[in-house]
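Step one of this worksheet: look at the structure below.
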Amino acid sequence: SESKDPQPLICGVGLGGYWAERVGFLCGIKQAIFNPNLFPQENMEGKIDRPEEYADIATKCVENFRVKNQGKCLVFLSKQEEILDVQRSADTLAPFYEIIWDENETHKFKKISQHLQRIKA
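With the first letter of the sequence shown counted as 1, position 53 gets the number 53 in the working numbering; the numbers rise by one all the way through.
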(Lines of atoms letter the chains of each structure in order from A and count residues from 1; the text may use other names and numbers.)
(Lines give C-alpha, C1' and ligand atoms only; values in the text may rest on other atoms or scores of the structure.)
Protein backbone atom coordinates (compact mmCIF):
# COMPACT_ATOMS: atom_id res chain seq x y z
CA SER A 1 0.00 0.00 0.00
CA GLU A 2 1.02 3.58 -0.47
CA SER A 3 3.03 5.29 2.27
CA LYS A 4 1.33 7.94 4.37
CA ASP A 5 4.73 9.49 5.07
CA PRO A 6 4.82 12.95 3.45
CA GLN A 7 8.59 12.62 2.96
CA PRO A 8 9.43 8.97 2.27
CA LEU A 9 13.07 7.93 2.05
CA ILE A 10 14.74 4.92 0.46
CA CYS A 11 18.03 3.64 1.89
CA GLY A 12 20.50 1.05 0.68
CA VAL A 13 23.94 -0.32 1.46
CA GLY A 14 26.40 -1.62 -1.15
CA LEU A 15 24.45 -3.06 -4.08
CA GLY A 16 21.30 -1.90 -2.28
CA GLY A 17 22.69 1.64 -2.56
CA TYR A 18 22.99 1.19 -6.32
CA TRP A 19 19.29 0.30 -6.49
CA ALA A 20 18.10 2.83 -3.89
CA GLU A 21 19.60 5.68 -5.92
CA ARG A 22 17.88 4.57 -9.13
CA VAL A 23 14.53 3.51 -7.67
CA GLY A 24 14.41 6.65 -5.53
CA PHE A 25 15.04 8.80 -8.58
CA LEU A 26 12.42 7.02 -10.68
CA CYS A 27 9.82 7.25 -7.87
CA GLY A 28 10.65 10.80 -6.77
CA ILE A 29 11.78 9.63 -3.31
CA LYS A 30 14.80 11.04 -1.47
CA GLN A 31 17.68 8.62 -1.04
CA ALA A 32 20.33 7.84 1.58
CA ILE A 33 22.97 5.47 0.27
CA PHE A 34 25.79 3.87 2.24
CA ASN A 35 28.96 2.67 0.49
CA PRO A 36 27.02 2.25 -2.75
CA ASN A 37 28.38 -0.27 -5.22
CA LEU A 38 28.38 1.90 -8.33
CA PHE A 39 30.21 -0.58 -10.56
CA PRO A 40 28.74 -4.05 -9.88
CA GLN A 41 29.56 -5.18 -13.42
CA GLU A 42 33.23 -4.89 -12.40
CA ASN A 43 33.28 -6.30 -8.88
CA MET A 44 30.38 -8.74 -8.45
CA GLU A 45 31.65 -11.48 -10.77
CA GLY A 46 30.89 -14.83 -9.12
CA LYS A 47 28.80 -13.19 -6.39
CA ILE A 48 25.57 -12.46 -8.27
CA ASP A 49 23.96 -13.84 -11.41
CA ARG A 50 24.90 -12.00 -14.60
CA PRO A 51 26.77 -8.96 -13.20
CA GLU A 52 27.44 -7.92 -16.81
CA GLU A 53 23.77 -6.94 -17.06
CA TYR A 54 24.49 -3.94 -14.83
CA ALA A 55 26.46 -2.36 -17.68
CA ASP A 56 23.32 -2.79 -19.80
CA ILE A 57 21.09 -1.32 -17.06
CA ALA A 58 23.25 1.81 -17.05
CA THR A 59 22.47 2.39 -20.72
CA LYS A 60 18.73 2.06 -20.08
CA CYS A 61 18.51 4.49 -17.17
CA VAL A 62 17.42 8.06 -17.79
CA GLU A 63 20.33 9.88 -19.39
CA ASN A 64 22.23 12.04 -16.91
CA PHE A 65 19.83 11.00 -14.15
CA ARG A 66 22.20 12.27 -11.45
CA VAL A 67 21.93 15.80 -12.82
CA LYS A 68 18.14 15.51 -12.53
CA ASN A 69 18.45 13.89 -9.08
CA GLN A 70 20.84 16.53 -7.74
CA GLY A 71 20.31 17.34 -4.06
CA LYS A 72 17.93 14.42 -3.49
CA CYS A 73 20.50 11.86 -2.36
CA LEU A 74 22.79 11.77 0.68
CA VAL A 75 25.87 9.61 0.27
CA PHE A 76 27.63 8.05 3.25
CA LEU A 77 31.08 6.65 2.53
CA SER A 78 33.21 4.78 5.03
CA LYS A 79 36.90 5.46 5.40
CA GLN A 80 37.16 1.85 6.68
CA GLU A 81 35.52 0.42 3.52
CA GLU A 82 37.38 -2.80 2.73
CA ILE A 83 35.65 -3.90 -0.49
CA LEU A 84 34.92 -0.90 -2.73
CA ASP A 85 37.03 2.02 -3.94
CA VAL A 86 35.24 4.76 -2.02
CA GLN A 87 37.40 7.49 -3.51
CA ARG A 88 36.14 6.47 -6.95
CA SER A 89 32.58 6.59 -5.58
CA ALA A 90 33.20 10.03 -4.08
CA ASP A 91 34.67 11.31 -7.35
CA THR A 92 31.66 9.95 -9.26
CA LEU A 93 28.97 11.25 -6.91
CA ALA A 94 30.38 14.48 -5.42
CA PRO A 95 29.38 16.67 -8.39
CA PHE A 96 25.73 15.77 -7.71
CA TYR A 97 25.29 14.85 -4.04
CA GLU A 98 26.56 15.70 -0.59
CA ILE A 99 29.16 13.20 0.62
CA ILE A 100 29.38 12.41 4.34
CA TRP A 101 32.49 10.53 5.41
CA ASP A 102 32.23 8.01 8.25
CA GLU A 103 35.38 7.22 10.21
CA ASN A 104 34.38 3.89 11.78
CA GLU A 105 31.99 1.74 9.78
CA THR A 106 33.09 -0.95 7.32
CA HIS A 107 31.46 -1.91 4.01
CA LYS A 108 28.26 -3.32 5.54
CA PHE A 109 27.67 -0.13 7.56
CA LYS A 110 26.12 -2.09 10.45
CA LYS A 111 25.41 1.03 12.51
CA ILE A 112 23.78 4.13 11.01
CA SER A 113 22.31 5.62 14.20
CA GLN A 114 25.07 8.25 14.36
CA HIS A 115 23.80 9.58 11.02
CA LEU A 116 20.03 9.54 11.64
CA GLN A 117 19.79 13.25 12.48
CA ARG A 118 21.57 14.08 9.24
CA ILE A 119 19.23 11.84 7.26
CA LYS A 120 16.13 13.36 8.89
CA ALA A 121 17.25 16.94 8.18
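Yeah, the Cβ is synthetic: ideal placement off N, Cα and C, and Gly gets one too.
Taking residue i as the reference, which of the options has the closest Cα?
i, options, result
"H107", "N35, Q31, I119", "N35"
"C73", "D56, R22, I57, N64", "R22"
"D85", "G14, D5, Q70", "G14"
"K110", "G12, Q7, P6, S3", "G12"
"K79", "D102, I57, V62", "D102"
"P95", "A121, Q114, N64, H115", "N64"
Within a Cβ cutoff of 6 Å, which residues of the same chain sit near residue i, ignoring the five residues on either side of it in sequence?
i, result
"Y54", "P40, Q41"
"I119", "A32"
If we ignore side chains and look at the alpha-carbon of each, how far apart do residue i and residue j end up?
i, j, result
"L9", "G46", "31 Å"
"F76", "A90", "9 Å"
"E105", "E81", "7 Å"
"A20", "C27", "10 Å"
"A112", "Q70", "Note on residue identity: the sequence assigns Ile, not Ala, to residue 112. Cα to Cα, the separation comes out at about 23 Å."
"N37", "Q87", "12 Å"
Per DSSP, what kind of secondary structure is residue i in: helix, strand or coil?
i, result
"K68", "helix"
"D91", "helix"
"S78", "strand"
"D102", "strand"
Which residues in the same chain have their Cβ closer than 7 Å to the Cβ of residue i, if we skip the five residues on either side of it in sequence?
i, result
"I99", "V75, L77, A90, L93"
"I29", "P8, L9, I10"
"E52", "Q41"
Ignoring anything shorter than 3 residues or poking outside the region 10–45, list the beta strand (DSSP E) runs there in chain order. Counting only runs of 3 or more, we get 30–34.
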